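Peer 1:
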Amino acid sequence: MKRLLVAGNWKMYTDPAGAGNLASRLKGSLGSCGWADIAIFPPFTSLAAAVDAVRGSGIAVGGQNLYWENEGAYTGEISPSMLIKAGCTMALVGHSERRTHFNETDSMLNKKIKAALGAGLHPILCVGETLEQRESGITEQVIEKQLMADLDGIDEIEPIAIAYEPVWAIGTGKNATPEQASDIHKFTRQLIGRKWGEKAAAGIRILYGGSVKPDNAGALAEKADIDGFLVGGASLKADSFEAIARSFK
Ligand code: PGA
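Here it is, written out as structure tokens:
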């Protein structure tokens, strides 16, 4: 059976002291979690504190973004090797907030995924439709277009996890129903099977993200194709993140 993955996206929240406290509390409760992999994504300036706090535990730390070059005159950017040296083993790529507010395109995301894999980081690639796209009935086309473009030219996709995050469910308190999420997860796995083969489809983890909370996590976690969660708001409080992680137990 595949290991589940429960990841906390801390977005632009926490200073180093707050991140250290939250991470050490999670180390105590989920540091040797037997049923799932746990990962946290603090802002760059809090990475060192979080890495220090979880050292020696099973909790992975990742960057929320990265650039595709290793070094150079790219003011404001962080490279894959810098993340590795800061103690990261993972990176988020293509979060809808990056796509929307920072104009990240699929061709940029493709370079980011390749750079992350090349450096030995495990990327979580986020995909998802807007409300308008869902209402016009083109959700599947949107997911297919994003996935195929973002993963273009990549043969080994097993180190990647996909996060299906409907844009209309992020930070809105409106989560996709377990059925809506499960339909898209199934569709995504079939797409992967057609392009990368059945072994890749069975092995890849497809997470759900978008207003996951302790009270809706259990019903989502029961769905066969949901292999974990990417949690935003509810990952900033140890109690709620722990409760969400326990929903897979
Ligand atoms: P949310 O965010 O859980 O606050 O909706 C999810 C995400 O942005 O990854």
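Counting in this note's numbering, the sequence shown runs from 303 upward without gaps. Ideal Cβ placement from N, Cα and C applies to all residues, glycine included. From a predicted model like this one, the values you see are computed outputs, not experimental measurements.
Hey, could you find the ends of the alpha helix (DSSP H) D485 is sitting in?
Peer 2: Start and end: 480–498.
Peer 1: So, for S326: in the same chain, excluding its five sequence neighbours on each side, which residues have a beta-carbon less than 6 Å away from its beta-carbon?
Peer 2: Around S326: A355.
Peer 1: Does the Cβ of L328 have 16 or more other Cβ atoms within 10 Å, making it buried, or fewer, making it exposed?
Peer 2: By the neighbour-count rule (16 or more Cβ atoms within 10 Å), L328 is buried.
Peer 1: Nearest to M384 by alpha carbon, out of A526, A465, K539, G364?
Peer 2: Comparing Cα-Cα distances from M384 to each of A526, A465, K539, G364, the minimum goes to G364.
Peer 1: At what residues does the beta strand (DSSP E) containing M392 begin and finish?
Peer 2: Run containing M392: 392–395, per the beta strand (DSSP E) assignment.
Peer 1: Considering only their Cβ atoms, is the gap separating G473 from G430 smaller than 8 Å?
Peer 2: In this structure, G473 does not lie closer than 8 Å to G430 by Cβ.
Peer 1: May I have the straight-line CA-CA distance separating S537 from D454, to the nearest angstrom?
Peer 2: Cα to Cα, the separation comes out at about 31 Å.
Peer 1: Pair every Cβ in the segment 466–484 with every Cβ in the segment 492–506, then say whether three or more of these pairs are closer than 8 Å.
Peer 2: In short, these stretches do not touch, since the Cβ pair count stays below three.
Peer 1: Taking contact to mean at least 3 C-beta pairs separated by less than 8 Å, is the segment 394–411 in contact with the segment 433–441?
Peer 2: The segment 394–411 is not in contact with the segment 433–441.
Peer 1: Using the Cα positions of A352 and T432, report the straight-line distance between them to the nearest angstrom.
Peer 2: Between A352 and T432, the C-alpha separation is close to 32 Å.
Peer 1: Along the chain, where does the beta strand (DSSP E) that runs through L427 open and close?
Peer 2: It spans 424–429 - the beta strand (DSSP E) in which L427 sits, taken as one unbroken run.
Peer 1: Going straight from the alpha carbon of A471 to that of G505, what length do you get?
Peer 2: Their backbone Cα atoms lie some 26 Å apart in a straight line.
Peer 1: Could you check the C-alpha separation between I426 and F531 for me, to the nearest Å?
Peer 2: C-alpha separation (whole angstroms): 11 Å.
Peer 1: Suppose you measure from the CA of P318 to the CA of L349; what does that come to, to the nearest Å?
Peer 2: Their backbone Cα atoms lie some 8 Å apart in a straight line.
Peer 1: Of the residues S409, R436, V469, which one's Cα is nearest the Cα of G512?
Peer 2: Out of S409, R436, V469, V469 has the C-alpha closest to the C-alpha of G512.
Peer 1: How would you write the range of the alpha helix (DSSP H) that G330 sits in, first residue to last?
Peer 2: It spans 318–332 - the alpha helix (DSSP H) in which G330 sits, taken as one unbroken run.
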